[in-house]
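With UniProt numbering, letter number 277 in the sequence shown gets 277, and the count goes up by one each step, no holes.
C-beta atoms are modelled at their ideal positions from N, C-alpha and C, and glycine is treated no differently.
So the structure is just underneath, and the comments pick up after that.
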Amino acid sequence: MFQQQPSPPDLASTYRELYRARFRADVQAGTKTPFVVPLHLLAYWVVPTLYLAIPHKNRPWLYRARWLVLAFLCAFNWYMIKHVASLSFASSYGAGLVAAWATIWNFTLLVWTRPQWDAKRVERRERTRQVGDLIAFESGQNGSTDVTKTNGVLANGSGKIDGVRKRETNAKQCAVAPESAEAEIEEEFLMKGIILLNDRDENIRLDQNTALELSRLAQEHEHEYYWQEYPADASFWTRFDWAFDIVSSFRLTGWNWAPSCLPPYEPPSKIGPYQLPLEYGSHKSKQGYERTLSRREFILSRWFFTFVPSYIIIDICATIMTTDPYFIVGPEHNHPLPTHLASLPPVLLSLQRTMLAFIGIFFALQYAWNAGALCLAIYCPPILGFRAHPWHLPSMTGSFTEVLDRGLSGFWGTWWHQTFRVGFSAPTKWLLRNGYLPSAHGRSQGVTKMIAPLVGAIIAFIQSGFIHSAGSYSSVPATHYGGPPLFFALAGLGTMLQSTLSYLLVRRITKLPRWWTISDVVEFGFGSLYQYPLLEPLDSASIDVYGDMIEILFQDGSGVLMVDGGKRAFRFR
Numbered sequence: 001m002f003q004q005q006p007s008p009p010d011l012a013s014t015y016r017e018l019y020r021a022r023f024r025a026d027v028q029a030g031t032k033t034p035f036v037v038p039l040h041l042l043a044y045w046v047v048p049t050l051y052l053a054i055p056h057k058n059r060p061w062l063y064r065a066r067w068l069v070l071a072f073l074c075a076f077n078w079y080m081i082k083h084v085a086s087l088s089f090a091s092s093y094g095a096g097l098v099a100a101w102a103t104i105w106n107f108t109l110l111v112w113t114r115p116q117w118d119a120k121r122v123e124r125r126e127r128t129r130q131v132g133d134l135i136a137f138e139s140g141q142n143g144s145t146d147v148t149k150t151n152g153v154l155a156n157g158s159g160k161i162d163g164v165r166k167r168e169t170n171a172k173q174c175a176v177a178p179e180s181a182e183a184e185i186e187e188e189f190l191m192k193g194i195i196l197l198n199d200r201d202e203n204i205r206l207d208q209n210t211a212l213e214l215s216r217l218a219q220e221h222e223h224e225y226y227w228q229e230y231p232a233d234a235s236f237w238t239r240f241d242w243a244f245d246i247v248s249s250f251r252l253t254g255w256n257w258a259p260s261c262l263p264p265y266e267p268p269s270k271i272g273p274y275q276l277p278l279e280y281g282s283h284k285s286k287q288g289y290e291r292t293l294s295r296r297e298f299i300l301s302r303w304f305f306t307f308v309p310s311y312i313i314i315d316i317c318a319t320i321m322t323t324d325p326y327f328i329v330g331p332e333h334n335h336p337l338p339t340h341l342a343s344l345p346p347v348l349l350s351l352q353r354t355m356l357a358f359i360g361i362f363f364a365l366q367y368a369w370n371a372g373a374l375c376l377a378i379y380c381p382p383i384l385g386f387r388a389h390p391w392h393l394p395s396m397t398g399s400f401t402e403v404l405d406r407g408l409s410g411f412w413g414t415w416w417h418q419t420f421r422v423g424f425s426a427p428t429k430w431l432l433r434n435g436y437l438p439s440a441h442g443r444s445q446g447v448t449k450m451i452a453p454l455v456g457a458i459i460a461f462i463q464s465g466f467i468h469s470a471g472s473y474s475s476v477p478a479t480h481y482g483g484p485p486l487f488f489a490l491a492g493l494g495t496m497l498q499s500t501l502s503y504l505l506v507r508r509i510t511k512l513p514r515w516w517t518i519s520d521v522v523e524f525g526f527g528s529l530y531q532y533p534l535l536e537p538l539d540s541a542s543i544d545v546y547g548d549m550i551e552i553l554f555q556d557g558s559g560v561l562m563v564d565g566g567k568r569a570f571r572f573r
């Protein structure tokens, strides 16, 4: 019998071993350091949290010392970008990205904003009710119902009250006799308050059964929600919890600084002594970001409709990419193409690569995003409490109709994940607050009115280019880390061009179908032209980045269990 000869190593496996050998050589030479958690999160989480946990509102010297803290953080982050990498290519790219984002976030919390003065979050505590609440509720407004408007009760024509489905109960089930006359009076006043609040919001009228259900849920609720400002007089651990929350929250969900494109984050409305349940806020923004309040529904929907499909799609993309040297060695290579790619026209080949890379990037983000959200919802409630509630975990992206309606500005401004939006917009808001820029909502007109949005877009795209460039620089394979800044500069230019054309041609394009506007023409054409500078660094190691995403090796970045560079889950055996 003939002994079967082992198959030669494929191109992807060969280059993967070359890259890892280079990383090991750099570590031995002292030019690179492995990415270690929690050591290399020192400037992102540890130091800023400890500094903000110490009250400095009444200590001017300590507040001025933030410049020394900021100098140390910037130096640490710069060291990470220059010298920290990993055998895992996803972790290696992430090392530079984390360091760059930490720098932007450090400036946001220490320079552009004043958290201990201005920031506050929605917190939950046990509900307490005084004996005199009923009397104050009934007669405090000379017979009128006292309604405190915070978030509002919204209704729509589909049988829902702000995302909470109206229960199928009939009048007999709801008409349970109250235990006392006082309870009956209290319930009646609460129902009137709910109806009044609904009318103030100019929603469809509520029927008696729905108002009765709302009133009883409000009376039975065991918690109340309130704005918690910086707890300067509380214990260190309370201040530490507050500081850690604002430092670690990307989109600041649950804070008064949350982006406006997300569902509103405010305590629910109060009617007299009662506060409506958290479920009765608005849970879908006009930009299409949604959240659910049922932990069971959240876990099932995220697991089966986003996490698992993303896992499968990433694996399919990475498997397809192994057949194309473009995704292994990079665009600048002289390796022969396989037959099925060599026969394609250059335009179709470029379009296929672009779409494959975009799909891989999008679902890699979906995978990582929802993996973190599921971990928070499943494992962290005993530790984080209300902070791990699904209320704080809205969807990653908005509605795609924003892209169809607004083109590039809708893509970057509302549909694409707004993870870094607070940090990107903080410098512009600081310039506006201090009078360095004219407000776009003031008396300014014409060109002056466009200055603030223009400067804000430039600052945001510069910071985004910095983040992705740092990730490219820290990658193990050699990449053109100047590409991402060029990409985002062109993206900003394309966004401004699209907005200008839409404004000038608005009378003509209104006659076209909703999805066929000048915005979409510019978006597709301009995006096809400027995608190369961003995708080139990712394409140089995209197989390894996507593959590492699905390996489920959480020990890759730990200080105890170092990166082992294991095999693919399904490929490269």
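Whole alpha helix (DSSP H) runs in the segment 333-395 with 4 or more residues, listed along the chain?
Runs of the alpha helix (DSSP H) spanning 4 or more residues and lying entirely within the segment 333-395 occur at 339-342, 346-379, 381-384, in chain order.
For residue 19, does the count of other Cβ atoms within 10 angstroms reach 16, so buried, or fall short, so exposed?
Buried, by the Cβ-count rule.
Report the rounded CA-to-CA distance for residue 277 versus residue 264, giving the unit in angstroms.
One C-alpha to the other measures close to 15 Å.
Here's a check: name, in chain order, each residue in its chain whose Cβ is nearer than 6 Å to the Cβ of residue 239, leaving out the five neighbours to either side.
Here the set comprises 53, 231.
Closer than 7 Å by C-beta to residue 124: which residues in its own chain qualify, once you throw out the five before and the five after it? Chain order, please.
223, 225, 386, listed in sequence order.
Roughly how many whole angstroms lie between the Cα atoms of residue 394 and residue 291?
Taking the straight line from one Cα to the other gives about 4 Å.
If you run the structure through DSSP and keep just helix, strand and coil, what is residue 286?
In this structure, residue 286 counts as coil in the three-state DSSP scheme.
Taking the alpha-carbon of residue 310 as reference, which of 359, 330, 335 has the nearest alpha-carbon?
For residue 310, the closest alpha carbon among the candidates 359, 330, 335 is that of 359.
Of the residues 57, 59, 66, 30, which one's Cα is nearest the Cα of residue 47?
Selected option, being the one with the closest Cα: 66.
According to DSSP, is residue 418 part of a helix, a strand, or is it coil?
In the displayed model, residue 418 falls within coil according to three-state DSSP, outside both helix and strand.
Using DSSP's beta-bridge definition, name the partner residues of residue 85.
According to DSSP, which records beta bridges pairwise, residue 85 is partnered with 34.
Residue 162 by DSSP, collapsed to three states: which one?
Residue confidence is low: residue 162 scores 43 on pLDDT, short of 50, so the model does not pin down where it sits. No coordinate-derived value is stated.
Rounded to whole angstroms, what is the Cα-Cα separation between residue 407 and residue 413?
Near 10 Å, if we compare the C-alpha coordinates of residue 413 and residue 407.
Taking the alpha-carbon of residue 220 as reference, which of 398, 128, 295, 41 has the nearest alpha-carbon?
The candidate whose alpha carbon is nearest that of residue 220 is 128.
Whether or not the segment 364-383 and the segment 95-102 are in contact is what I'm after, with contact meaning three or more pairs of Cβ atoms, one per stretch, closer than 8 Å; do they touch?
Three or more beta-carbon pairs separated by less than 8 Å are not found between the segment 95-102 and the segment 364-383, which leaves the two stretches without contact.
So, residue 121 versus residue 228, is the Cβ gap smaller than 8 Å?
Against a cut-off of 8 Å, the Cβ pair of residue 228 and residue 121 comes out as a contact.
For residue 302 and residue 373, believed in contact at Cβ under 8 Å, the rounded distance
Right, the Cβ-Cβ distance comes to about 6 Å (below 8 Å), so this counts as a contact.
Whole angstroms are fine: how far does the CA of residue 64 sit from the CA of residue 289?
Answer to the nearest angstrom: the Cα atoms are 38 Å apart.
Three Cβ pairs or more, each shorter than 8 Å: is that satisfied between the segment 103-116 and the segment 473-485?
At 8 Å Cβ cutoff, the stretches do not touch.
Using only alpha-carbon positions, find the residue among 437, 102, 449, 410 that is nearest to residue 286.
Taking the Cα of residue 286 as reference, the smallest distance to any Cα among 437, 102, 449, 410 is reached at 410.
Name the DSSP beta bridge partners of residue 122, please?
Per the DSSP secondary-structure output, residue 122 pairs in a beta bridge with 227.
Determine which residues share a DSSP beta bridge with residue 45 and list them.
In the DSSP output, where bridge partners are listed per residue, residue 45 has none listed.
Based on Cα-Cα distance, which residue from 475, 488, 186 lies nearest to residue 16?
Closest option to residue 16, judged by alpha-carbon separation, among 475, 488, 186: 475.
Between the CA atoms of residue 460 and residue 466 - distance to the nearest angstrom
When rounded, the distance between both Cα atoms is 10 Å.
N- and C-terminal bounds of the alpha helix (DSSP H) containing residue 468:
Counting along the chain, residue 468 sits inside the alpha helix (DSSP H) bounded by residues 451-474.
By how many angstroms is the C-alpha of residue 312 removed from the C-alpha of residue 550?
The pLDDT assigned to residue 550 is 49, lower than 50, so where the model puts this residue is not dependable; a value taken from the coordinates is nonetheless given after this. C-alpha separation (whole angstroms): 9 Å.
Assuming residue 49 and residue 243 are in contact, meaning their beta carbons sit under 8 Å apart, how far apart are those beta carbons, in whole angstroms?
Confirmed, about 5 Å.
By Cβ distance, which residues of its chain are closer than 8 Å to residue 83, with the 5 residues on each side in sequence left out?
Excluding sequence neighbours, residue 83 sits near 31, 32, 33.
Can you round the beta-carbon distance between residue 271 and residue 193 to whole angstroms, since I take them to be within the 8 Å contact cut?
Right, their Cβ atoms sit about 4 Å apart.
To the nearest angstrom, how far is the alpha carbon of residue 269 from that of residue 282?
CA-CA distance, residue 269 to residue 282, rounds to 11 Å.
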